[in-house]
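FYI, in my numbering the residues of the sequence shown are 896 to 953.
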Amino acid sequence: MLNSLPIFVVSAFAFKADQEKAMKLGARRYFVKPINLTELVMAIEEELACQYLQQISF
């Protein structure tokens with residue numbers, strides 16, 4: 896169950912290599928500080944919608 900939990904990384908590291916490493920380790924999204932709260936909320940809503948669609952399709 897926890898393996899389906901979407902992971903968002905919020906980091907001060909803006910290098911592409913840092914983002915790629917996080918994504919390879921299983922992160923769904925990578926945000927660089929200072930974070931845009933609108934983008935964060937939209938990303939959360941998208942992930943929740945995907946989770947919901949996956950649940951009802953079974």
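Cβ atoms here follow ideal geometry from the backbone N, Cα and C, with glycine treated the same way.
In this text, all values refer to a predicted model and were calculated from it rather than measured experimentally.
- Quick one: give me the first and last residue of the beta strand (DSSP E) that R924 is part of. On the sequence shown, residue 924 is found 29 positions in, with the first residue counted as 1. It spans 924–927 - the beta strand (DSSP E) in which R924 sits, taken as one unbroken run.
- Cβ pair count under 8 Å reaching 3, the region 933–952 against the region 908–916: no
- Using three-state DSSP, classify S906 as helix, strand or coil. Residue mapping note: residue 906 aligns to position 11 of the sequence shown, counting from 1. Correct three-state label for S906: strand.
- From I951, I902, E940, residue whose alpha carbon lies closest to that of F926: In the sequence shown, residue 926 corresponds to position 31, counting from 1. Selected option, being the one with the closest Cα: I902.
- Query: Would you report the Cα separation of E941 and P929, rounded to the nearest angstrom?
  - Reply: Counting from 1 along the sequence shown, the entry for residue 941 is found at position 46. Counting from 1 along the sequence shown, the entry for residue 929 is found at position 34. Going by the C-alpha atoms only, they are around 21 Å apart.
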